[in-house]
Amino acid sequence: MRLITHNMLKCHVKNCTDPNKQFPLRFKDVQLEQIDAERNDEFLVRMLPRLDWPALLTTSKELGYSLPQSVPENPVDNDEFLQALHAFILETHVKEGCMVCNGCSHEYKITNGIPNMLLAEHEI
Amino acid sequence: MSRPEHIAPPELFYGDTEAKKYTSNTRIASIQAEMTLRAVELLNLPDDGPYYLLDIGCGSGLSGEILDEDGHLWAGMDIAPAMLDIAVEKDVEGDLFLQDIGQGMGFRPGTFDGAISVSVIQWLCNADKSENKPRYRLQRFFSTLFMSLQRGARAVFQFYPESDMQVEMIMGIAMKCGFTGGLVVDYPNSKKARKFYLCLFAGQAAPGEKQELPQALDGDVKADGVTYTETRIHNKAHGKTSRKSVKDTSWVLKKKELARKRGKEGVPLDSRYTGRKRKPRF
Chain S
1 MRLITHNMLK
11 CHVKNCTDPN
21 KQFPLRFKDV
31 QLEQIDAERN
41 DEFLVRMLPR
51 LDWPALLTTS
61 KELGYSLPQS
71 VPENPVDNDE
81 FLQALHAFIL
91 ETHVKEGCMV
101 CNGCSHEYKI
111 TNGIPNMLLA
121 EHEI
Chain V
1 MSRPEHIAPP
11 ELFYGDTEAK
21 KYTSNTRIAS
31 IQAEMTLRAV
41 ELLNLPDDGP
51 YYLLDIGCGS
61 GLSGEILDED
71 GHLWAGMDIA
81 PAMLDIAVEK
91 DVEGDLFLQD
101 IGQGMGFRPG
111 TFDGAISVSV
121 IQWLCNADKS
131 ENKPRYRLQR
141 FFSTLFMSLQ
151 RGARAVFQFY
161 PESDMQVEMI
171 MGIAMKCGFT
181 GGLVVDYPNS
191 KKARKFYLCL
201 FAGQAAPGEK
211 QELPQALDGD
221 VKADGVTYTE
231 TRIHNKAHGK
241 TSRKSVKDTS
251 WVLKKKELAR
261 KRGKEGVPLD
271 SRYTGRKRKP
281 RF
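Chains as they are written, first to last, in full-length UniProt numbering: chain S, 1 to 124; chain V, 1 to 282.
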């Protein structure tokens, strides 16, 4: 799973509705993998407003990466920023580990790069 | 026509053998590819650059491969682990999730530019477990999907409805969850080629802008597709089978060798007549 998708993902347990806690999901014991991908600036710029920057910062700190504190003024011409963003959200894949919801502490296990999002009967 | 959703729940039906069959069968693959291309066409995405799409019921990534070819980025979800394993083996580019779509999905509002789904939502109408209520599951699915799409985005579902009632139920619930749009039936006059596409719009991109339901394909069915010849069933009915007899010469020789090793007496000698095919009696 790429980190761009993680940034879009919140807990979907039925009774877990606190918006401050169900997003972002916290990583636990993760193994990462770097896979090269082609960079497309147009796509990155289009996705920028959809990304939740504070959440992305939290995730990057958790995983030991560094990103700028906020989106720079003119991201289109900022090659360095786009490269860092591309490497983080599109080239970093989570292979193994766990995602934990801060609200209901449901653990979404990740095996072979596939998160298990199935819920138990009492969570739907 | 047999309906797989009557046989077993999807996560069991698409087990290891079925998943392999599904992916290696060129006929299924070509039909899936054709339907995916049509679904992407119905999405009506503008030409400028790749989009972020959702593939609902991505399976072994047959549809995902086509999205990859178009350069789109996508996330896919499926309930059958065996199918997802094959997708991982094939190295598809998208992000995969093991997810039951009837439990809803947890994407933030406005995540995706569009969603496609090939041969999936008829599965939602089944109640495989006692806690599964099709109406509730459909509603949870459509309402969370509506949330996760950009305003004005489209979701195209190719599906095999079992009856008019089922179509009505699915569409009714989708409309209740805020979608507009309707059903596009391709080749309505051909029983074999007829395909149902549920084309849903998640609101409007700009206020006052009205989305038009796309035109259905009609006329002659293209002949260049894979045609189904029923060779195996035909041969079986006429007493021809491609099955070879297990007890051929090598089997006879092996058995005789074994008998000799065990010290049995009176084992005939091997000759060029051993285990030969006899002439027909009549």
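Just so you know, even glycine gets a beta-carbon here, dropped at the ideal spot from N, CA and C. Keep in mind the model is a prediction, meaning the values are calculated, not measured.
Does chain S have any CB closer than 8 Å to the CB of residue i?
i, result
"D95 (chain V)", "yes"
"R108 (chain V)", "yes"
"A29 (chain V)", "no"
"A127 (chain V)", "no"
"M147 (chain V)", "no"
"V88 (chain V)", "yes"
"D47 (chain V)", "no"
"A223 (chain V)", "For A223 (chain V), the pLDDT reaches just 49, beneath the cut-off of 50, and the residue's location in the model is therefore unreliable, leaving the point undetermined."
"D100 (chain V)", "yes"
"M83 (chain V)", "no"
"A155 (chain V)", "no"
"G182 (chain V)", "no"
Please classify residue i: is it buried, with 16 or more other beta-carbons within 10 angstroms of its beta-carbon, or exposed?
i, result
"K129 (chain V)", "exposed"
"residue 134 (chain S)", "Only positions 1 to 124 of chain S appear in the structure, and residue 134 (chain S) is not among them; the question remains open."
"residue 129 (chain S)", "This structure cannot speak to residue 129 (chain S), because chain S is shown only from 1 to 124."
"P207 (chain V)", "exposed"
"F27 (chain S)", "buried"
"D100 (chain V)", "buried"
"P109 (chain V)", "exposed"
"G102 (chain V)", "buried"
"Q215 (chain V)", "exposed"
"S63 (chain V)", "buried"
"K176 (chain V)", "exposed"
"M165 (chain V)", "exposed"
"G263 (chain V)", "exposed"
"F23 (chain S)", "buried"
"V246 (chain V)", "exposed"
"Y22 (chain V)", "buried"
Cβ atoms of residue j and residue i: under 8 Å apart, would you say?
i, j, result
"A155 (chain V)", "A115 (chain V)", "yes"
"L73 (chain V)", "I114 (chain S)", "no"
"V184 (chain V)", "L54 (chain V)", "no"
"L258 (chain V)", "D270 (chain V)", "no"
"G182 (chain V)", "L213 (chain V)", "yes"
"P161 (chain V)", "F201 (chain V)", "no"
"N126 (chain V)", "E18 (chain V)", "no"
"L124 (chain V)", "L138 (chain V)", "yes"
"F141 (chain V)", "L198 (chain V)", "no"
Express the C-alpha separation of residue j and residue i in angstroms, rounding to a whole number.
i, j, result
"A153 (chain V)", "H238 (chain V)", "53 Å"
"P46 (chain V)", "D113 (chain V)", "10 Å"
"residue 293 (chain V)", "E91 (chain S)", "Nothing about residue 293 (chain V) can be read from this structure; chain V reaches only from 1 to 282."
"H122 (chain S)", "C98 (chain S)", "21 Å"
"A87 (chain S)", "N189 (chain V)", "51 Å"
"N132 (chain V)", "M1 (chain S)", "29 Å"
"N7 (chain S)", "R46 (chain S)", "15 Å"
"L96 (chain V)", "I233 (chain V)", "37 Å"
"S66 (chain S)", "T58 (chain S)", "10 Å"
"R278 (chain V)", "E230 (chain V)", "32 Å"
"A205 (chain V)", "P75 (chain S)", "25 Å"
Within the 8 Å Cβ cut-off, does residue i reach chain V?
i, result
"K28 (chain S)", "no"
"L119 (chain S)", "yes"
"P115 (chain S)", "yes"
"H12 (chain S)", "yes"
"T92 (chain S)", "no"
"I124 (chain S)", "yes"
"N112 (chain S)", "yes"
"N102 (chain S)", "no"
"T59 (chain S)", "no"
Margin query: So within the stretch 11-55 of chain S, which uninterrupted beta strand (DSSP E) runs reach at least 3 residues, ignoring any that extend past its ends?
Written below: 26-34
Notebook entry, point to check: Which parts of the UniProt domain "Methyltransferase type 11" (54-127) of chain V are runs of the alpha helix (DSSP H), unbroken and 4 residues or longer, counting only runs that do not cross its ends?
Noted result: 62-69, 81-89
Notebook entry, point to check: Mind pulling the alpha helix (DSSP H) runs of 4 or more residues that sit fully within the stretch 2-59 of chain V?
Noted result: 10-13, 16-24, 26-43
Next item on the list: For the stretch 188-270 of chain V, list the beta strand (DSSP E) runs that are entirely contained and at least 3 residues long, ordered along the chain.
Entry: 195-202
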